[in-house]
Amino acid sequence: MLQALKRREIITRLGVGVVTVAAPWVNIQAQTALPDGWPRKPVRLIIPSGPGAQTDLFARYVGDSLSKTFGQPFIADNKPGASGNIGAMAALQAPPDGYTLLFSAASFTIVPAALHTTMPYDLLRDLTPIVQIGVGGLFLAVAPDMPVKSVKELFELARKDPDKYSYGTTGIGSTGHLIMAALLQQRGLKMSHAPYKSSAEVLRDLVGGILQVAWLDTTSSLGALQAGKVRALAHGSTYRAPRSPDIPPLNDVGIPWNLNGWLGLFARTGSPMPIIRSINAEVNKLMEGEEGKARLTAMNVANPPPTTPEEFAQMIHHDLPLWRKIAVDNQIKPQS
Numbered sequence: 001m002l003q004a005l006k007r008r009e010i011i012t013r014l015g016v017g018v019v020t021v022a023a024p025w026v027n028i029q030a031q032t033a034l035p036d037g038w039p040r041k042p043v044r045l046i047i048p049s050g051p052g053a054q055t056d057l058f059a060r061y062v063g064d065s066l067s068k069t070f071g072q073p074f075i076a077d078n079k080p081g082a083s084g085n086i087g088a089m090a091a092l093q094a095p096p097d098g099y100t101l102l103f104s105a106a107s108f109t110i111v112p113a114a115l116h117t118t119m120p121y122d123l124l125r126d127l128t129p130i131v132q133i134g135v136g137g138l139f140l141a142v143a144p145d146m147p148v149k150s151v152k153e154l155f156e157l158a159r160k161d162p163d164k165y166s167y168g169t170t171g172i173g174s175t176g177h178l179i180m181a182a183l184l185q186q187r188g189l190k191m192s193h194a195p196y197k198s199s200a201e202v203l204r205d206l207v208g209g210i211l212q213v214a215w216l217d218t219t220s221s222l223g224a225l226q227a228g229k230v231r232a233l234a235h236g237s238t239y240r241a242p243r244s245p246d247i248p249p250l251n252d253v254g255i256p257w258n259l260n261g262w263l264g265l266f267a268r269t270g271s272p273m274p275i276i277r278s279i280n281a282e283v284n285k286l287m288e289g290e291e292g293k294a295r296l297t298a299m300n301v302a303n304p305p306p307t308t309p310e311e312f313a314q315m316i317h318h319d320l321p322l323w324r325k326i327a328v329d330n331q332i333k334p335q336s
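If you use UniProt numbering, the sequence shown corresponds to residues 1 to 336, in order.
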């Protein structure tokens, strides 16, 4: 656990100073027993993505395991749309009694919160983090005919001919858009942004030579990477992807970066802490087991040390202002 705490003390060099926030979830005393024999009925597990998506598949896996542990069904309820806000609001409209949980991802929670000046809810106030699951990111990749073998060489090309190259992401305000905007701003560079609707479309056009550069999902791009149809230069994460250990994190190629993607469970603030701590313990146990590790590896997602609810909350408090600064500095606004 000490490793996890040290990891989060690293301060990103995006021109942002140290962010010190008194997290409201810290120093909450654990209680000893689950309230009223919880759960006495099925638990609703809201997922802010459609069926079959990566977040959905992993949510169902975790939900099935929790069903076996606690003796009641954890029923998946897909609520996609509005960058995750529909799912989050569905969770917040339920009573804070531990019978409605939100299984979400950084791209559906912290990234939208960084982009929107007005949100239907306050991420830091209205949702209590339960447990972080996995650490991921995106691959910065190029078409195979691009004459570069490193991020440094890519930036040198962009400096020489700023109007020649464009990079693809899954949309305006997407994680890839924010990362690339920050990296280009750091170096005083420009490169055209080509927003797409899905990761499959980005990969298709990179393989087809329509794009020269793209930020790719680490799972769906594996086949193309292994076949040599695209070439990854770096991983936008602080960890190496388990099935692609040869692709270095940005920090390892001399580009300071301290922001990650993740999956995680949340409850409405005010939910009983014994329930939150019990779920945290069970999910951490699951992810430390061989099957849980294998599931993350299959997704090409790293498995960090277990986190407490307070550690997960501290990470969100630290990361949100950094994502928000990237959006503000680069005038990135959510699509209407």
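C-beta atoms are modelled at their ideal positions from N, C-alpha and C, and glycine is treated no differently.
DSSP three-state assignment for residue i, whether helix, strand or coil
{"i": "glutamine 54", "result": "helix"}
{"i": "residue 407", "result": "This structure cannot speak to residue 407, because the chain is shown only from 1 to 336."}
{"i": "tyrosine 167", "result": "strand"}
{"i": "threonine 12", "result": "With a pLDDT of 35 at threonine 12, under the threshold of 50, the modelled position of that residue is not reliable, and the figure given next carries that caveat. Coil, per DSSP."}
{"i": "tryptophan 215", "result": "strand"}
{"i": "threonine 100", "result": "strand"}
{"i": "threonine 32", "result": "Bear in mind that the predicted position of threonine 32 carries a pLDDT of just 47, short of 50, making it too unreliable to give a figure here."}
{"i": "isoleucine 255", "result": "coil"}
{"i": "isoleucine 247", "result": "coil"}
{"i": "leucine 45", "result": "strand"}
{"i": "isoleucine 276", "result": "helix"}
{"i": "isoleucine 210", "result": "coil"}
{"i": "isoleucine 332", "result": "coil"}
{"i": "aspartate 77", "result": "strand"}
{"i": "alanine 141", "result": "strand"}
{"i": "alanine 105", "result": "strand"}
{"i": "leucine 189", "result": "coil"}
Contact under 9 angstroms by Cβ, residue i with residue j
{"i": "asparagine 85", "j": "glycine 50", "result": "no"}
{"i": "residue 363", "j": "proline 242", "result": "There is no way to answer for residue 363, as the model of the chain reaches only from 1 to 336."}
{"i": "arginine 324", "j": "alanine 114", "result": "yes"}
{"i": "valine 142", "j": "glutamine 212", "result": "yes"}
{"i": "aspartate 282", "j": "leucine 66", "result": "Looking at the sequence itself, residue 282 is glutamate, so the reference to aspartate does not match. In this structure, leucine 66 lies closer than 9 angstroms to glutamate 282 by Cβ."}
{"i": "threonine 238", "j": "proline 249", "result": "yes"}
{"i": "threonine 128", "j": "isoleucine 276", "result": "yes"}
{"i": "valine 301", "j": "threonine 170", "result": "no"}
{"i": "isoleucine 179", "j": "glycine 134", "result": "no"}
{"i": "methionine 315", "j": "phenylalanine 58", "result": "no"}
Unbroken alpha helix (DSSP H) run spanning residue i, endpoints
{"i": "histidine 193", "result": "No alpha helix (DSSP H) contains histidine 193, which is instead part of the beta strand (DSSP E) from 192-195."}
{"i": "tryptophan 323", "result": "309-329"}
{"i": "alanine 267", "result": "From DSSP, alanine 267 is part of no alpha helix (DSSP H) but of the beta strand (DSSP E) over 261-268."}
Between the segment 235-253 and the segment 148-155, do three or more beta carbon pairs fall short of 8 angstroms?
yes
Does the segment 167-178 touch the segment 263-271, meaning 3 or more C-beta pairs lie closer than 8 angstroms?
no
Please list the segments of the beta strand (DSSP E) lying wholly inside the segment 110-139, counting only runs of 3 or more residues, in order along the chain.
127-136
Would you be able to state if there are at least three C-beta pairs under 8 angstroms between the segment 157-164 and the segment 300-307?
no
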